[in-house]
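Each remark here refers to the structure printed beneath this line.
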Amino acid sequence: MKKYVFLVHHSDYIGFLNELQSLGVLHVKEQKGEPSEELLERIRLQKEIRDTLAALRHRIVTKTEGKELSEEGGIAIAHTFQELADEQENLQQEVNALDKEITFLKPWGNFAPTSLRMLEQAGLKVHFFTCPARKYDPAWEKEYPIKVINTAPPNIFFVAITPIAQAINIDAEELPQPEVSLNSLMVKREALKKKIDAIDEKLDNFTLMAQPALEKALTKVEESIQLVTVVENTGREAEGAVMILEGFAPIGREAGLLTYCEQNDILFLSERPSPEDQPPVLLKNSAFSRLFEPIGELFALPSYRELDLTPFFAPFFMMFFGFCLGDAGYGLVVLLGATLYKFRAKPEYKPILTLAQFLGVGTIIFGTLTGTFFGANLLDEQFAWLGGIRNLMIDSSQAFNLALILGLVQILFGLFLQAYNKARQFGPAYAVATIGWVVLLLSILDIAVLNVTARLSTYTAWLGVGMILFFNDPKAGLLSRLGKGV
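Counting in my numbering, the sequence shown runs from 909 upward without gaps.
Next comes the structure, spelled out in structure tokens:
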């Protein structure tokens, strides 16, 4: 990356920004400060359009024709979409509430609540009861006029009629009198469903007409957000007559930017950025390593002067994935599945599928090495017909030893990378402690296992300890280093 500072007259500034946007090579350095109301409004519009698009993409539409809208029409639909969605949600809540009332009234059937009020005017009250069928006592019918309305196992629903002034003593749950008829609720529910269907029809039309326009409008709004953001991150000098813009451009892609500035007499300064400038990170990897960048992005990206670890962990990731899955049959399934799906996948998914193919190959290799195919152990006698191929396979104890060796190699390799990275960023002195760990680990390995130069390894082990203790923080004093090292 190179750092650029542009000085542009205010009258030419918007045209300059539009040209930069078309070139697409400059990353603008952000300044501290609160975003303006204009920028917040555009961000809200961006979210509204994105939410509308996400909702429309989930709708299943059987129609094949629709009137195409302009970008402005798409934005208008984005404004009204949330209103319709909220209205539909409120209507659905009303339907859900009606469903509960209908469920409550269904056992009683359809009747006019006015008839209950007429009986009350005549001095009679209708009591509504329910209880488990096994607890229903026929003796109640001798005390009160009772009519069983419905039996819905395990419950029974019945009514009893008494004078208003008379208390009733029945060991069952008394329910409140219905205030509306079942038919009126069903009619109301049907009317609400028609309104919901009408909104669905509108949303279907939105899907047909507005989706392409919304996608164009989203692009336009995002570009305007970028433009407003750049303007707000612009410094102003000479009473606002001169606009000062700071940004970063990749060294290999700056030719178009330089040509434009020279042709239009744009004054600029360029220099190598310092870490304090916090330049953006642009990863450059081979085709193979680039497949593993999504995995590396799950963690923090390297800072500007740090080493990109993607090409280094890529082969280890493939190897350990194959070792962990460890079944040639499953690896074959992963490889074939990714290969077949790749023919119909969208372009943005194809790198992920290529990564899956490599991981499948790694699994096949290690599954074959350990002699496992869909859970079957190929080293068993029943697979003796494989002949000399089995001589290339290893048993479980050998696989365990191989895993230990690969783990040690990875640890040592990681320490070497860490030492190189520290030396590159801060100087050789900062790498000494890490190299000390390498020396100490190799010395312990020789003393405990290899026994090649055990006497010499004793001295090198103490050398490694000294490197760790005295170089853990080169900026600190001697006693501070010892304290931190311990």
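Just so you know, even glycine gets a beta-carbon here, dropped at the ideal spot from N, CA and C.
Where does residue i land, buried or exposed, given buried means 16+ other C-beta within 10 angstroms?
| i | result |
| --- | --- |
| Lys975 | A caution first: Lys975 carries a pLDDT of 49, below 50, which makes its placement in the model unreliable, though a value can still be read off. Exposed, since its Cβ has fewer than 16 Cβ neighbours within 10 Å. |
| Glu1256 | exposed |
| Ile1152 | exposed |
| Phe985 | Residue 985 is actually Ile in this sequence, not Phe. Flag for Ile985 reads buried. |
| Val1356 | Here the sequence assigns Ala to residue 1356, which means Val is not the residue at that position. It is exposed - the Cβ of Ala1356 has fewer than 16 other Cβ atoms within 10 Å. |
| Thr1278 | buried |
| Thr972 | Because the pLDDT of Thr972 is 44, which lies under 50, any placement of that residue in the model is unreliable, and the question is left without a value. |
| Phe914 | buried |
| Ile1072 | exposed |
| Phe1266 | buried |
| Phe1282 | exposed |
| Ala1125 | buried |
| Asn1329 | buried |
| Pro1336 | exposed |
| Glu1028 | exposed |
| Glu1154 | buried |
| Thr970 | Reliability of the predicted coordinates at Thr970 is poor, the pLDDT of 47 falling under 50, and no value is obtained from them. |
| Gln1119 | buried |
| Tyr1249 | exposed |
| Leu1199 | buried |
Whole angstroms are fine: how far does the CA of residue j sit from the CA of residue i?
| i | j | result |
| --- | --- | --- |
| Thr1247 | Lys1258 | 10 Å |
| Ala963 | Asp1112 | 11 Å |
| Ala1157 | Lys911 | 7 Å |
| Glu927 | Ala1121 | 24 Å |
| Phe1224 | Gly1164 | 39 Å |
| Trp1048 | Glu1009 | 28 Å |
| Val1242 | Thr1366 | 48 Å |
| His918 | Glu946 | 20 Å |
| Ser1305 | Gly1230 | 18 Å |
| Ile1352 | Leu1371 | 12 Å |
| Arg1252 | Phe1228 | 29 Å |
| Gly1031 | Asn1077 | 18 Å |
| Ile983 | Ile1107 | 18 Å |
| Leu1310 | Met1301 | 12 Å |
| Pro1084 | Lys1101 | 27 Å |
| Ala1149 | Glu956 | 36 Å |
| Phe1379 | Leu1358 | 28 Å |
| Thr1276 | Ala1264 | 18 Å |
| Gly1268 | Gly1322 | 25 Å |
| Ala1369 | Leu1377 | 12 Å |
| Pro1046 | Asn998 | 46 Å |
| Leu1395 | Leu1166 | What is shown of the chain runs 909 to 1394, which leaves residue 1395 out entirely. |
Using only alpha-carbon positions, find the residue among the options that is nearest to residue i.
| i | options | result |
| --- | --- | --- |
| Thr1011 | Met1094, Tyr1328 and Gly1230 | Met1094 |
| Glu1130 | Arg952, Lys1250 and Thr1022 | Arg952 |
| Ala1080 | Asn1004, Ala1041 and Val1241 | Ala1041 |
| Asp1216 | Phe1019, Asp1007, Arg1332 and Val916 | Arg1332 |
| Lys1383 | Phe1334, Phe924 and Thr1368 | Phe1334 |
| Pro1086 | Lys1014, Lys1055, Leu1358 and Ile1133 | Lys1014 |
| Gln1134 | Leu1261, Asn1063 and Gln954 | Gln954 |
| Met909 | Ile1159, Val1003 and Ile1297 | Ile1159 |
| Ile922 | Ile1054, Val1136 and Arg1198 | Val1136 |
Original post:
Is the segment 1228 to 1237 in contact with the segment 1262 to 1279, if contact means three or more CB pairs nearer than 8 Å?
Top reply: yes
Original post:
Can you list, in chain order, the stretches of the beta strand (DSSP E) that have 3 or more residues and sit fully within the segment 1147 to 1221?
Top reply: 1150 to 1157 and 1175 to 1179
**OP:** Report yes or no: do the segment 1303 to 1321 and the segment 1333 to 1344 share at least 3 C-beta pairs separated by less than 8 Å?
**Re:** no
Subject >> Completely contained beta strand (DSSP E) runs for the segment 1006 to 1064, where each covers 3 or more residues >> reply: 1032 to 1040 and 1054 to 1060
Original post:
Taking contact to mean at least 3 C-beta pairs separated by less than 8 Å, is the segment 1178 to 1196 in contact with the segment 1204 to 1220?
Top reply: yes
**OP:** Could you tell me which uninterrupted alpha helix (DSSP H) segments, each at least 4 residues in length, are contained entirely in the segment 1230 to 1304, listed from first to last along the chain?
**Re:** 1236 to 1250 and 1258 to 1277
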